[in-house]
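J.:
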Amino acid sequence: EDQVTQSPEALRLQEGESSSLNCSYTVSGLRGLFWYRQDPGKGPEFLFTLYSAGEEKEKERLKATLTKKESFLHITAPKPEDSATYLCAVQGTGGFKTIFGAGTRLFVKA
Amino acid sequence: DAGVTQSPTHLIKTRGQHVTLRCSPISGHKSVSWYQQVLGQGPQFIFQYYEKEERGRGNFPDRFSARQFPNYSSELNVNALLLGDSALYLCASSLNVQETQYFGPGTRLLVL
Chain A
1 EDQVTQSPEA LRLQEGESSS LNCSYTVSGL RGLFWYRQDP GKGPEFLFTL
51 YSAGEEKEKE RLKATLTKKE SFLHITAPKP EDSATYLCAV QGTGGFKTIF
101 GAGTRLFVKA
Chain B
1 DAGVTQSPTH LIKTRGQHVT LRCSPISGHK SVSWYQQVLG QGPQFIFQYY
51 EKEERGRGNF PDRFSARQFP NYSSELNVNA LLLGDSALYL CASSLNVQET
101 QYFGPGTRLL VL
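Protein chains in written order, with the working numbering: chain A, 1 to 110; chain B, 1 to 112.
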């Protein structure tokens, strides 16, 4: 069964303190891995789609990487406005479901 | 360009009632998916529709149903509401069934 596990559950950083969020996945053939940002009470905001191991994508202070078993979301020199929940999701080749992890809640203190 | 829109934004119902939630996809997107998100968890897949046909269904009871209209908008219906149905209901649209999904703001449903 397809599964996504995100760690840590919560992460507290000082402004400027770089770190990484982990997404481990099990899927019967990866069609795509997705990262979203979600602010409290709002819908997820799309960040990245990764399709194959070795792929990397960047956007401002965020960089997403993908291996055959996990993905990392690297946050460089975060700012307080980066505080949010970051969600990882996978879609397998075996069906149409998109499976989400529980998310990592990121808090960045000024 | 308008993103995914959902209505209503908030809704309060009592146990046993039914509810209809509505979603309009991004212009040009032909697939709509519905998710349930309870506090502290990631979104859980309910349905996916493409070209008015159901293409996927998650592990939800038959009280949950949906449909997609010729203009690609969609409705999610929930009958015989339970307290546990209280959640944020999210709609996402994509060009087709296996493309990146873009989410709307959600409908917050509270069942008393």
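Think of the CB as a built atom: it goes at the ideal place given N, C-alpha and C, for glycine as much as any other residue.
Helix or strand or just coil, what does DSSP make of Leu83(B)?
T.: Of the three classes helix, strand and coil, the one that applies to Leu83(B) here is helix, per DSSP.
J.: Can you tell me whether Gln41(B) is buried or exposed? The criterion is at least 16 other CB atoms within 10 Å of its CB, across all chains shown.
T.: By the 10 Å Cβ count, Gln41(B) comes out exposed.
J.: On the premise that Phe45(B) lies in contact with Pro44(A), defined as a C-beta separation below 8 Å, what is that separation, rounded to the nearest angstrom?
T.: Not a contact, Cβ separation roughly 13 Å.
J.: Below 8 Å on C-beta distance, what does Thr49(A) contact in chain B?
T.: Here the neighbours are Thr100.
J.: CA-CA distance, Cys23(A) and Gly101(A)?
T.: Cα-Cα distance, rounded: 8 Å.
J.: Can you tell me where the beta strand (DSSP E) holding Tyr72(B) begins and where it ends?
T.: Looking at the DSSP string, Tyr72(B) is not in any beta strand (DSSP E), and its letter there is neither H nor E.
J.: Beta-carbon of Arg67(B) versus every beta-carbon of chain A: anything under 8 Å?
T.: It does not: the Cβ of Arg67(B) has no partner Cβ on chain A nearer than 8 Å.
J.: Spatial neighbours of Thr26(A) within its chain, please: CB distance less than 7 Å, with the 5 preceding and 5 following residues excluded, ordered by chain position.
T.: Result list for Thr26(A): Asp2 and Gln3, in chain order.
J.: Would you mind giving the Cβ-Cβ distance between Gln37(B) and Leu112(B), rounded to the nearest angstrom? I have them listed as a contact below 8 Å.
T.: With a Cβ gap of about 19 Å, Gln37(B) and Leu112(B) do not count as contacting.
J.: Hey, would you say Ala89(A) sits closer than 8 Å to Thr98(A), going by beta carbons?
T.: Yes, the pair counts as a contact, with Cβ atoms nearer than the cut-off.
J.: Can you give me the C-alpha to C-alpha distance between Tyr86(A) and Arg37(A), rounded to a whole angstrom?
T.: So the alpha carbons of these two residues sit roughly 5 Å apart.
J.: Let me see if you follow: with CB-CB separation under 8 Å, is Gln36(B) close to chain A or not?
T.: No, its Cβ sits nowhere closer than 8 Å to a Cβ of chain A.
J.: With a threshold of 16 other CB atoms inside 10 Å of the CB of Ala110(A), please say whether the residue is buried or exposed.
T.: It is exposed - the Cβ of Ala110(A) has fewer than 16 other Cβ atoms within 10 Å.
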